[in-house]
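Chemist: Would you mind keeping the following structure in view while I ask a few things?
In full-length UniProt numbering, the protein residues as written are 1 to 126.
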């Protein structure tokens, strides 16, 4: 099954465990496009401090094995106008080639839409 979510600036995905599937031994593959985000991966209980990972457009996360039963969430989306930078001083926002309406001459609204948020596609066996 596939699930597509769209997140705008200010949206969050609270910490949770994807446990509705019958066979938890199967992985979840998640790919994101658009604005970067902070992805938190914790442990099997909320008492375990999560590890923060900066996900950029095109990055993927695979939850498999023990990580399949770990809490995870997205507390922050970074859009270009916020002026945030990563540890190397690189501006955080949607990649220019993806969020520039001039690059999408036939569909400029697509670029405007994705420039203001993040699209996440996750695939799993249900």
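Cβ coordinates follow ideal geometry from the N, Cα and C atoms, glycine included.
Since the model is a prediction, treat every value here as computed from it, not as a measurement.
#1: How is residue 108 classed by DSSP in three states: helix, strand or coil?
#2: How is the alpha helix (DSSP H) around residue 98 delimited, first residue to last?
#3: Whole angstroms are fine: how far does the CA of residue 63 sit from the CA of residue 126?
#4: Does DSSP put residue 75 in a helix, a strand or coil?
#5: Just verifying my parser: in three-state terms, what is the DSSP assignment at residue 81?
#6: Checking 8 angstroms against the spacing of the C-beta atoms, do residue 11 and residue 77 come in under that value?
#7: Using a Cβ-Cβ cutoff of less than 6 angstroms, which residues in the same chain neighbour residue 45 once the five nearest sequence positions on both sides are dropped?
#8: For residue 41 and residue 109, I'd like the C-alpha separation in whole angstroms.
#9: Could you work out which residue in 70, 4, 84 is closest to residue 50 when comparing CA atoms only?
#10: By the three-class DSSP mapping on this structure, what secondary structure does residue 32 have?
#11: Measure the alpha-carbon distance for residue 120 versus residue 25 and round it to whole angstroms.
#12: If you reduce the DSSP assignment to three classes, tell me which class residue 118 lands in.
Modeler: If we stick to the structure as given:
#1: helix
#2: 96-99
#3: 15 angstroms
#4: Here residue 75 sits in strand by DSSP.
#5: helix
#6: Cβ distance < 8 angstroms, so residue 11 and residue 77 count as in contact.
#7: none
#8: 33 angstroms
#9: Taking the Cα of residue 50 as reference, the smallest distance to any Cα among 70, 4, 84 is reached at 70.
#10: strand
#11: 22 angstroms
#12: strand
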